[in-house]
Structures are given as C-alpha cells and as structure tokens.
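Have a look at this one:
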C-alpha cells in the first residue's frame with residue numbers, strides 16, 4: 001500500500017528524500033520501493049508495516065541507493081518504541097544502519113559515484129527499505145572488498161567498540177579491558193579489536209545453558225577470559241589478576257549491579273565507559289571509588305561522536321579504514337547474523353527482541 | 001603520662017620524629033609536649049587521650065615547631081575511627097592540618113627559618129600537639145599576614161575547593177556551579193572562591209530550623225542562590241535557570257539522592273565531582289545521563305593531589321599564594337570556628353561529630 005503523500009508532510013526521514021528531489025531523474029519514470037514504515041510509536045511487531053513508497057525524483061545533490069542489507073539493532077527497537085534519545089518525525093522508515101550501492105547520482109554529486117558501496121553517516125536515515133533517494137552528503141563510501149554483512153554492521157557497533165578502546169584510556173599491549181555484555185554486538189567487536197591491539201580482555205556474560213559453547217566462541221574470537229556475572233563477586237577474581245593486570249578500562253552495556261562489580265575491579269585512576277543499559281538500572285558508584293581510587297565514570301554514544309565530527313570527514317574516514325583493514329586481515333568478523341528477507345520482517349523483529357538470542361537479525365533486500 | 005618508648009616503635013607519625021633526631025639539639029635539653037594520642041581505632045571521645053610526649057632531639061634536617069592551632073576535620077575523625085582510606089601506624093597523634101611557627105632549625109635546613117609559619121604538606125603529620133620535631137621537607141611556609149584561623153584551616157578545604165573549581169571544567173565568569181553540603185568547610189570555600197571568579201553558585205543545604213539565617217550567611221559570602229534539597233526536585237528549578245545558565249560543574253559532598261539530583265540539573269557534557277559522602281550512600285547515575293548527556297562523574301581527594309604534586313613544589317606554592325591573596329583582599333574568610341583549648345579536646349571532639357553544627361572546632365595550643 002502506497003503512503004498517501006499528505007501523510008508524509010511531517011516525516012523527517014522522508015522529507016530528506018523530498019529535499020533531494022529538486023529535479024526529475026533522467027529517465028523520468030516513477031519508481032516504488034518497499035519499506036518498513038511506522039506511523040506511531042509502539043511495539044515494533046505491532047506498528048511496523050511493509051509499505052510501498054513512491055521514490056522522489058533524483059535531485060542534483062542526491063543519489064539513488066539500492067540497499068543490500070540492514071541489521072536490526074537494539075537502538076532501532078527503542079526508536080520505534082519511542083524510548084530512544086532521538087526520535088524521527090512520523091511516519092518514518094525504520095533502521096539506522098545498513099549498506100547499499102549507488103545506482104544513480106545527481107548532476108552535482110562529487111563525493112560518491114555509481115557502483116560505490118555506501119553507509120549512512122548518521123542515525124535517522126531509515127535503512128529498512130529496498131531503495132532510497134538520499135542526499136549524497138549523508139552517505140560515506142566503503143570499499144567493496146569486505147562482505148556485505150561486515151559492511152551492513154560496521155557503522156554502529158564496531159565504531160562504538162573502536163572509539164571506546166581509543167578515546168578514554170591510553171592502552172598499550174598487555175593492558176586489560178573488562179566488559180559485561182561481552183556477547184553483544186559491541187562486546188564481540190571489543191573482543192576482536194582489543195585482541196588485535198594486544199590487549200587482555202575479561203569478558204563477563206550472563207549464565208546460560210550453552211555457556212561452554214559461548215565461552216569457546218568468544219575465546220576463538222580472541223577473548224582472554226570469559227566469566228559469569230557471579231564470578232565477579234568471587235575470590236577467583238584474585239587468581240585471574242595473577243594472569244593479567246587489573247583493568248584500566250571497563251566497558252558497561254548493562255548497568256545496575258554488573259556495572260558496580262566492573263568498577264570494583266578497575267585499577268586506580270581507571271575509567272568505566274557506559275554505552276548501554278540492558279538491565280534498565282542505573283550505574284551505582286561507591287563514593288570511595290571516586291574519591292580514593294579516582295575512577296572516572298563516563299558514557300559514550302557513537303551517534304553523538306559522529307555528529308561532533310560531522311565537519312571532520314577525516315576522523316570518520318580514518319576510523320572506517322582502520323576497521324576495514326581489520327576485517328580484510330581476518331581480525332574482525334561481523335557478528336553471527338541471521339539473514340531474513342524484508343518480507344519476513346515480523347519474524348526478524350520478534351527474534352531481535354528475544355533475550356539470549358546470540359545472532360543479529362539482518363534484513364536483506 | 002609519657003608514652004613508653006617501646007610502645008612507639010611501630011608509630012609512623014612518631015617514627016617521623018625519630019628519623020629527624022639524628023643529632024641532639026644545641027641546648028641538649030629534653031623537652032616534653034602535650035599531644036592528643038590514640039593507641040587503638042575507635043570512637044574519638046573514647047580512644048583519644050591527652051598525653052605528654054618526649055620530643056626527640058633536633059636532627060640536621062628537622063625543625064622544632066610550636067603549634068598555634070589545628071582544626072578537627074571529618075577526615076581526622078574517620079582516621080581515628082579507622083574508616084579512612086589512609087591510616088597511620090598506632091599509636092598516632094591526631095589531626096592532619098594546622099599552623100605552627102618554626103622555633104629551631106637543624107643545621108642543614110634551607111627551606112624554612114626560625115619565625116616562619118608552616119603547615120603540613122601532606123596528611124598524617126599529627127597536628128594536635130603543642131610542639132613537634134618534624135622533617136623540614138614535610139612542611140611548607142605560609143605568609144604571617146593572614147589570621148591564625150585562616151592559616152590553620154587553609155590546607156584541606158580551601159585547597160579542595162580551589163582545585164575542584166580549576167581542574168575539571170573550564171569555567172568562565174557567568175558560568176554556574178551547583179553544590180550540596182554548601183554549608184560545609186569545602187562548601188563555604190567554594191562559595192567564596194567561585195564568587196571571586198565571577199561564577200554563579202547554586203547552593204543546596206538541608207532544611208533546618210535556622211534556614212533563613214543560614215541562607216543570609218551564605219549569601220553574604222557570595223552565594224548566588226541557596227536552596228533546600230527538596231527544591232532540587234521541584235518545578236521552581238526551571239525559574240532558577242532563567243536567572244543563570246545550567247551548571248557545568250556539580251560538587252558533591254553528600255552522595256545518594258542528593259548527588260543524583262545535582263546530576264539531573266547539569267548541562268550536557270558537564271562534570272560532577274564527588275569529594276565527600278556524608279549521606280553514606282553511593283552515587284547513582286542514570287545510564288541515559290552518561291550516554292546521551294555525556295556527563296562525567298569524577299572524584300577528588302586533596303591528599304592524593306598533594307602526593308601527585310610532591311615533586312612539583314611550584315604547584316603547591318602557587319595554589320597557596322592564590323588562596324592567601326584571596327584571604328588578604330577579604331574575599332576568603334576562614335569557616336566560622338569555635339576555638340577550644342587542647343585540654344578541652346573532649347568537648348571539641350563531641351561538637352565536631354554533631355550534625356548541623358555550623359562551626360568548625362579548632363584546637364588552640
């Protein structure tokens with residue numbers, strides 16, 4: 001069902017397309033694109049619908065992109081639920097990352113060319129659709145010698161992992177990083193990037209039936225130690241710190257008790273960076289850790305980083321180059337993914353919201 | 001009662017004196033000094049006793065100091081209770097700050113001369129005594145044109161206040177600082193130093209019978225706004241932020257709910273610095289404040305700062321000069337003090353531990 005044009009007037013995501021359509025495409029033909037649209041905030045399986053959008057004509061500054069694949073991230077879900085820090089005007093196309101190929105460019109476009117692989121520079125583009133007319137300035141190119149799944153999942157989690165390992169503590173080979181949610185998209189990227197940098201990682205996961213297999217999988221990625229949440233409170237931590245130094249950096253995707261326990265094992269003057277709050281509980285910091293251990297409690301949001309570096313193309317380019325080089329040398333693999341056709345989005349959304357699902361749902365177009 | 005010498009073998013504070021006594025004083029006479037000593041950790045009124053210590057002979061690197069005055073700070077109490085982060089070997093003389101005058105110097109001493117006013121460079125010297133033989137390198141001179149009370153209370157609270165206002169956020173005139181425990185030693189120093197720097201301060205105090213008088217007193221010191229803890233949760237905060245910008249810096253001496261409320265009013269990318277935990281509850285930080293507001297949660301301990309700058313005499317000198325200059329121009333007054341003779345130490349310790357006591361107990365020798 002095509003969205004009536006009147007309904008789209010307030011849509012920021014679609015307004016982007018409008019702005020891009022100051023000239024008709026060369027062919028002049030009208031193209032339609034299936035897209036996963038939501039008109040109200042709510043539970044994703046209830047509010048997200050597969051609809052057919054009419055593509056606007058190609059403007060001088062815009063490009064037509066054929067999407068290949070786009071993952072379902074926790075922040076996409078929260079955005080649809082209306083609980084995320086930034087929300088698009090409605091109706092909006094879901095999805096904030098993904099990779100596509102440029103198939104047509106406007107007359108003034110210099111930064112990308114037909115055939116280029118592109119990913120969004122910022123959140124909010126709406127990637128869950130088969131084709132889109134987008135402003136060229138909102139896209140950044142990727143080399144096409146990495147896998148589609150690597151490219152589709154590069155812009156959020158590996159970027160978050162790399163920045164957190166780079167921007168808070170000066171880490172050198174042999175130093176230790178501790179993290180919870182070690183099996184998450186960010187967590188597995190941290191394991192691999194840290195291993196490539198010669199860092200020890202202590203990886204905390206929740207107890208589960210397949211813990212042995214999970215441990216093996218994370219160790220195969222380069223995890224130095226994999227422990228259960230409960231172990232954080234046990235004397236065996238002392239034994240562990242005979243094998244590697246206490247961590248300078250703790251990465252927290254959970255909050256609550258788990259975060260407090262990470263803090264407890266930090267070196268003096270170490271930093272804990274929070275990037276997620278899966279437990280939906282705040283971070284509780286003992287006063288003595290702040291005063292007498294001088295621990296630093298910080299947060300990181302990759303979307304803000306990208307916005308802060310909007311006018312520093314070089315910073316984004318150099319981060320993506322570093323990640324692609326790790327991918328090419330086999331040091332950074334995409335998360336284990338379940339590819340789902342865009343028509344089966346209901347199943348994908350369902351799975352994406354289940355706890356303990358270890359594979360990322362990726363919509364393929 | 002003199003302390004048997006055998007009992008002193010393990011005392012770090014007194015061992016300092018021993019180390020200083022490699023040569024006999026010129027006069028060769030034995031001198032005694034009353035001191036407030038504790039032999040076990042426990043409740044101060046029970047374990048602190050007034051005893052007479054034999055002063056060691058003056059070594060080549062040491063000086064004889066006649067103490068003028070020494071305050072009772074919360075950290076002194078915690079040190080006696082055995083709950084502080086650093087504890088002296090026992091028996092130990094109480095007190096970590098205070099001012100005295102040099103009355104005799106060892107043959108190799110170059111940094112201080114007879115007549116100089118001196119304060120300890122670091123915690124742990126044991127200032128609650130009438131005279132002490134100390135290593136010259138453990139002391140720093142103060143100009144003698146400030147009051148004894150200003151000098152006796154300069155080394156901990158005003159130093160803490162100045163460092164917290166200087167080292168965490170780049171504040172310029174017109175910026176705002178919010179703090180709880182505004183009536184504490186650190187709090188009143190913050191009010192005055194901030195006012196001298198042209199900063200707005202929002203000062204949070206607990207509700208109390210004499211709130212109007214307290215508010216007047218803090219405003220007379222330069223406080224821009226004085227509010228009750230409850231007000232932090234009320235809509236009138238919005239009105240307040242029409243009068244001054246949201247704070248870049250929050251100073252927390254309380255912890256618990258009070259700290260969380262301070263955080264809530266911080267600007268994006270602002271910093272909260274914790275220097276005390278009067279409420280004996282941890283600091284609870286919403287995950288969203290860390291990720292989406294990028295607030296920074298830090299701690300400060302002036303003792304650690306002094307130790308970190310042990311080999312940078314210039315940093316300590318320049319901090320003390322800045323504070324003395326504020327004192328001389330009438331911009332920084334000592335806290336309101338109750339002077340108590342060292343013989344009446346029981347009363348002083350008792351008062352120092354009462355809640356809502358607005359005056360600092362200072363032992364005079």
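Chains as they are written, first to last, in the UniProt record's numbering: chain A, 1 to 365; chain B, 1 to 365. Glycine is no exception: its CB is placed at the ideal position from the N, C-alpha and C atoms.
- Interface residues of the segment 280 to 291 of chain B facing chain A [CB-CB below 9 Å]: For the segment 280 to 291 of chain B, which is checked against every Cβ of chain A, the residues closer than 9 Å are 280, 281, 282, 283, 284, 285, 286, 287, 288, 289, 290, 291.
- Quick one: which residues of the segment 291 to 315 of chain A get their C-beta closer than 8 Å to a C-beta of chain B? List them in chain order. Going along the segment 291 to 315 of chain A in chain order, one finds 291, 292, 293, 294, 295, 296, 297, 298, 299, 300, 301, 304 with a Cβ nearer than 8 Å to chain B.
- Message: Just checking: is the beta-carbon of residue 274(A) within a distance shorter than 8 Å of some beta-carbon in chain B?
- Response: Here residue 274(A) refers to the residue found at position 274 of the first chain. With a threshold of 8 Å between beta carbons, residue 274(A) makes contact with chain B.
- Message: With DSSP as the reference, identify every bridge partner of residue 65(A), one or two as the case may be.
- Response: Position 65 of the first chain, counting from 1, holds the residue named residue 65(A). Residue 65(A) pairs with 102(A), 132(A).
- Message: Short of 8 Å Cβ to Cβ, which residues in the segment 78 to 103 of chain A face chain B?
- Response: Using a CB distance below 8 Å, the part of the segment 78 to 103 of chain A facing chain B consists of 85, ordered along the chain.
- Check the Cβ of residue 255(B) against every Cβ in chain A and list those closer than 7 Å, keeping chain order. To locate residue 255(B), count along the second chain from 1; it is residue 255. Going along chain A in sequence order, the residues near residue 255(B) (Cβ under 7 Å) are 287.
- residue 90(A) vs residue 120(A) beta-carbon contact at 8 Å: Against the first chain, residue 90(A) aligns to sequence position 90. Against the first chain, residue 120(A) aligns to sequence position 120. Their beta carbons are not under 8 Å apart, which means residue 90(A) does not touch residue 120(A) by this criterion.
- Item | residue 97(A) versus residue 36(A): straight-line alpha-carbon distance, rounded | Numbered from its first residue, the first chain carries residue 97(A) at position 97. Numbered from its first residue, the first chain carries residue 36(A) at position 36. Their backbone Cα atoms lie some 14 Å apart in a straight line.
- Quick one: is residue 298(A) buried, meaning 16 or more other Cβ sit within 10 Å of its Cβ, or exposed? For this step, residue 298(A) is matched to residue 298 along the first chain. Around the beta carbon of residue 298(A), 16 or more other beta carbons sit within 10 angstroms, so the residue counts as buried.
- Message: Along the chain, where does the beta strand (DSSP E) containing residue 119(A) start, and where does it finish?
- Response: As a first step, residue 119(A) must be located in the first chain, where it is residue number 119. Run containing residue 119(A): 117 to 120, per the beta strand (DSSP E) assignment.
- Taking the CB atoms as reference points, tell me whether residue 94(B) and residue 335(B) lie closer together than 8 Å. Counted from its first residue, the second chain places residue 94(B) at position 94. Counted from its first residue, the second chain places residue 335(B) at position 335. Against a cut-off of 8 Å, the Cβ pair of residue 335(B) and residue 94(B) comes out as no contact.
- Contacts that residue 277(A) makes with chain B (C-beta to C-beta distance below 8 Å): Your numbering for residue 277(A) matches position 277 in the first chain. Those within 8 Å of residue 277(A) in chain B are 287, 288, 291.
- Query: Is the beta carbon of residue 195(B) sitting closer than 8 Å to the one on residue 165(B)?
  - Reply: Taking the second chain and counting its residues from 1, the one referred to as residue 195(B) is at position 195. Taking the second chain and counting its residues from 1, the one referred to as residue 165(B) is at position 165. The beta carbons of residue 195(B) and residue 165(B) sit no closer together than 8 Å.
- Go ahead and pull the three-state DSSP assignment for residue 346(B). The residue you call residue 346(B) lines up with position 346 of the second chain. In the structure shown, the three-state DSSP call for residue 346(B) is helix.
- Message: Assuming the contact rule is C-beta atoms closer than 8 Å, residue 229(A) and residue 206(A) should be a hit. Round their C-beta distance to whole Å, please.
- Response: Counting from one through the first chain, the residue named residue 229(A) turns up at place 229. Counting from one through the first chain, the residue named residue 206(A) turns up at place 206. About 6 Å; that satisfies the 8 Å criterion.
- Task: Using DSSP bridges, identify the partner residues of residue 250(B).
- Result: If you number the second chain from 1, residue 250(B) lands on position 250. Beta-bridge pairing links residue 250(B) to 178(B), 272(B).
- Message: Tell me which residue opens and which closes the beta strand (DSSP E) that residue 33(A) is part of.
- Response: Your numbering for residue 33(A) matches position 33 in the first chain. Its beta strand (DSSP E) spans residues 32 to 38.
- Message: Just verifying my parser: in three-state terms, what is the DSSP assignment at residue 127(A)?
- Response: Taking the first residue of the first chain as 1, we reach residue 127(A) at position 127. In this structure, residue 127(A) counts as coil in the three-state DSSP scheme.
- What are the start and end residues of the alpha helix (DSSP H) that includes residue 96(A)? Working through the first chain from its first residue, we reach residue 96(A) at position 96. Counting along the chain, residue 96(A) falls outside any alpha helix (DSSP H), and DSSP gives it neither H nor E.
- Query: When you compare only the Cα positions, how much space is there between residue 359(B) and residue 243(A)?
  - Reply: On the second chain, residue 359(B) is found 359 positions in, with the first residue counted as 1. On the first chain, residue 243(A) is found 243 positions in, with the first residue counted as 1. Each residue's alpha carbon lies about 51 Å from the other.
- Query: Between the segment 169 to 177 of chain A and the segment 307 to 316 of chain A, do three or more beta carbon pairs fall short of 8 Å?
  - Reply: Counting Cβ pairs under 8 Å, fewer than three are found: no touch.
- Message: Which same chain residues end up closer than 7 Å to residue 155(A) when comparing Cβ atoms and leaving out the 5 residues on each side of it in sequence?
- Response: One-based indexing of the first chain puts residue 155(A) at position 155. The beta carbon of residue 155(A) is closer than 7 Å to those of 97, 119, 120 in its chain, skipping five residues each way along the sequence.
- Item | Cβ-Cβ separation, residue 77(B) to residue 44(B) (assumed contact under 8 Å), whole Å | Along the second chain, read from residue 1 onward, the residue named residue 44(B) stands at position 44. Along the second chain, read from residue 1 onward, the residue named residue 77(B) stands at position 77. So it is a contact: roughly 6 Å between Cβ atoms.
- Task: Find the nearest neighbour of residue 182(A) within the set 240(A), 169(A), 201(A), 270(A), judged by alpha-carbon distance.
- Result: For the purposes of this step, residue 182(A) is identified with residue 182 of the first chain, where counting begins at 1. Comparing Cα-Cα distances from residue 182(A) to each of 240(A), 169(A), 201(A), 270(A), the minimum goes to 201(A).
- Query: Under 8 Å between the Cβ atoms of residue 274(B) and residue 327(A)?
  - Reply: Walking along the second chain from the start, residue 274(B) turns up at place 274. Walking along the first chain from the start, residue 327(A) turns up at place 327. Against a cut-off of 8 Å, the Cβ pair of residue 327(A) and residue 274(B) comes out as no contact.
- Query: Going by DSSP, which residues form a beta bridge with residue 255(A)?
  - Reply: Taking the first residue of the first chain as 1, we reach residue 255(A) at position 255. Answer is 281(A).
- Classify residue 43(A) as helix, strand or coil using the three-state DSSP reduction. Reading the first chain from its first residue, position 43 is the one you call residue 43(A). Residue 43(A) falls in the coil class under three-state DSSP.
- Message: Quick check: the Cα distance between residue 217(B) and residue 225(B), rounded to an integer number of angstroms?
- Response: Mapped onto the second chain, residue 217(B) falls at position 217. Mapped onto the second chain, residue 225(B) falls at position 225. One C-alpha to the other measures close to 12 Å.
- Using the Cα positions of residue 340(A) and residue 70(A), report the straight-line distance between them to the nearest angstrom. The residue you call residue 340(A) lines up with position 340 of the first chain. The residue you call residue 70(A) lines up with position 70 of the first chain. Straight-line Cα distance between these residues: approximately 10 Å.
- Message: Under DSSP, the beta strand (DSSP E) around residue 78(A) begins and ends at which residues?
- Response: Looking up residue 78(A) in the first chain gives position 78. Counting along the chain, residue 78(A) falls outside any beta strand (DSSP E), though it belongs to the alpha helix (DSSP H) covering 74 to 81.
- Query: Quick one, which of 73(B), 49(B), 30(B) has its alpha-carbon nearest residue 353(B)'s?
  - Reply: Residue numbering aside, residue 353(B) sits at position 353 when the second chain is read from its first letter. The candidate whose alpha carbon is nearest that of residue 353(B) is 73(B).
- Query: Which runs of the beta strand (DSSP E) spanning at least 3 residues fall entirely within the segment 206 to 248 of chain B, listed in chain order?
  - Reply: Within the segment 206 to 248 of chain B, the complete beta strand (DSSP E) runs of at least 3 residues fall at 225 to 228.
- Would you list the one or two residues that DSSP bridges to residue 200(A)? Numbered from its first residue, the first chain carries residue 200(A) at position 200. In DSSP, residue 200(A) forms a bridge with 176(A).
- What's the call for residue 144(B), buried or exposed, on a 16-neighbour Cβ count within 10 Å? In the second chain, residue 144(B) corresponds to position 144, counting from 1. Per the 10 Å Cβ criterion, exposed.
- Message: Using DSSP's beta-bridge definition, name the partner residues of residue 154(B).
- Response: As a first step, residue 154(B) must be located in the second chain, where it is residue number 154. Residue 154(B) is not bridged to any residue.
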